[in-house]
Amino acid sequence: MGRKILLGTIIGLFLMASKAHPRTLVTIESEKARLTLALLSRLVRLEKNFKDHLPLRVLVILPQTKTAFQDQNIVNEAVKDFFLENQEFQATFVKDPQEALTLLEKDDFDILYVAGPLPKLKQILEKAIAKKVLTISHLPELLEAGLALSLDLDRRKACIVVNKETWRKLGLEFPPEVIQKFCFISSKK
308 MGRKILLGTI IGLFLMASKA HPRTLVTIES EKARLTLALL SRLVRLEKNF KDHLPLRVLV
368 ILPQTKTAFQ DQNIVNEAVK DFFLENQEFQ ATFVKDPQEA LTLLEKDDFD ILYVAGPLPK
428 LKQILEKAIA KKVLTISHLP ELLEAGLALS LDLDRRKACI VVNKETWRKL GLEFPPEVIQ
488 KFCFISSKK
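If you're matching positions, the sequence shown starts at 308 in the numbering used here and goes up one per residue.
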């Protein structure tokens with residue numbers, strides 16, 4: 308009897324999941340993106356130059372690629388929903404790396420959020436850093452390319468990972484007790 312109830316419950320869950328709206332789908336990467344964005348909203352309140360400068364202008368790059376490890380469309384929806392629901396940020400969304408470069412050149416942004424791997428990433432990050440734009444992603448592997456900040460959940464103890472060289476160039480000012488929580492790494496040459 309207990310097995311029948313368990314089997315019925317499992318089948319019911321599968322049927323409900325199959326009828327779920329695409330926006331309700333969740334992946335590990337989309338959850339990492341949500342956690343990173345929640346961290347971002349708390350972190351900017353602590354930075355000396357950002358806390359009195361709300362809403363912050365954010366350039367969000369939503370790449371249109373799919374990999375075996377993540378469905379980029381689900382990640383893009385999670386990122387887009389966060390910025391649309393959060394009044395602290397005024398977001399501009401782009402899909403094309405060239406368009407991102409053009410916008411970085413002509414407009415002033417406070418933050419660049421990269422929602423996934425994309426071509427011309429190093430060039431985009433260099434342009435953003437030259438203009439003192441804080442660069443963030445939920446993908447810590449982008450730190451080696453020059454990204455400033457990410458959240459690493461893969462370590463035994465989750466931490467805020469910061470690219471040491473990029474951080475110096477940006478000149479951000481956080482309280483010492485916040486900086487003590489950062490794990491600093493170097494860029495690969």
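Ideal placement from N, C-alpha and C gives every residue a C-beta, glycine not left out.
When DSSP builds the beta bridges, which residues end up paired with residue i?
i, result
"Q487", "Note: Q487 sits in no beta bridge, so no partner."
"N470", "I492"
"R364", "Q397"
"S337", "Its beta-bridge partners do not exist; DSSP assigns none."
"D459", "C466"
Roughly how many angstroms lie between the CA atoms of residue i and residue j, to the nearest whole one?
i, j, result
"L456", "L342", "13 angstroms"
"T387", "I381", "In the sequence as presented, Thr is not what sits at residue 387; that position holds Lys. Looking at the two C-alpha atoms, the distance is approximately 10 angstroms."
"G478", "I436", "10 angstroms"
"V401", "Q487", "34 angstroms"
"E433", "G453", "7 angstroms"
"L428", "P404", "8 angstroms"
"H360", "E480", "14 angstroms"
"A340", "K438", "24 angstroms"
"E484", "L353", "11 angstroms"
"L391", "R475", "30 angstroms"
"L410", "V367", "11 angstroms"
"Q371", "F389", "18 angstroms"
Can you look up residue i in the DSSP assignment and give me helix, strand or coil?
i, result
"A398", "strand"
"R352", "coil"
"V382", "helix"
"D388", "helix"
"T409", "helix"
"T442", "strand"
"L450", "helix"
"L428", "helix"
"L347", "helix"
"L419", "strand"
"E480", "coil"
"K358", "coil"
"L369", "coil"
Spatial neighbours of residue i within its chain, please: C-beta separation below 7 angstroms, excluding the five flanking residues on both sides.
i, result
"Q430", "L408"
"P362", "Q394, E395, F396, Q397"
"D378", "T334"
"N470", "L450, G453, L454, A455, I492, S494"
"L347", "I443"
Considering only residues of the same chain and omitting the five flanking positions on each side of residue i, which have a CB-CB separation below 6 angstroms?
i, result
"D417", "L363, R364"
"S444", "V421, L454, S457"
"T442", "L419, L432, A435, L454, A455"
"V440", "F416, L419"
"N383", "L369, A422"
Taking Cβ positions only, does residue i come closer than 8 angstroms to chain D?
i, result
"Q371", "Absence of chain D from the displayed structure is noted, only one protein chain being present."
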